[in-house]
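Engineer: Position one of the sequence shown corresponds to residue 87 (my numbering), numbered consecutively onward.
For each residue, glycine too, the CB sits at the ideal point set by N, CA and C.
Pasting in a structure now, in structure tokens, and then I'll have a few things to ask.
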Amino acid sequence: MKYKITRKMEDLVLEILVLKQLLDNDKFSQREEKENQLNSLINELLLEFNKNNQ
87 MKYKITRKME DLVLEILVLK QLLDNDKFSQ REEKENQLNS LINELLLEFN KNNQ
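As structure tokens, this is what we get:
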């Protein structure tokens with residue numbers, strides 16, 4: 087099965103990976119804010135994926 091991957095989805099994945107790296111650091115401040123941002127980006131990625139691959 088083939089999936090359509092858009093540039094927006096690629097950008098979202100990159101943002102998610104950067105946030106994940108930041109959150110892996112135990113000494114990172116603003117953890118709750120960044121975790122919320124990470125969850126929001128994941129939700130946006132899933133919506134975008136579903137929209138383009140129905």
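(1) Are the stretch 124-138 and the stretch 97-109 touching by the rule of at least three beta carbon pairs closer than 8 Å?
(2) Residue 103: buried (16+ other C-beta within 10 angstroms of its C-beta) or exposed?
(3) Which first and last residues belong to the alpha helix (DSSP H) in which residue 136 is found?
(4) Does DSSP put residue 87 in a helix, a strand or coil?
(5) Between residue 109 and residue 121, which are expected to be in contact by the criterion C-beta below 8 Å, what is the C-beta distance as a whole number of angstroms?
Structural biologist: According to the structure shown:
(1) yes
(2) Taking the first residue of the sequence shown as 1, we reach residue 103 at position 17. It is exposed - the Cβ of residue 103 has fewer than 16 other Cβ atoms within 10 Å.
(3) The residue labelled residue 136 in the question sits at position 50 within the sequence shown. Note, residue 136: alpha helix (DSSP H), 117-138.
(4) To locate residue 87, count along the sequence shown from 1; it is residue 1. Residue state, collapsed to three classes: coil.
(5) Taking the first residue of the sequence shown as position 1, residue 109 is located at position 23. Taking the first residue of the sequence shown as position 1, residue 121 is located at position 35. So it is a contact: roughly 6 Å between Cβ atoms.
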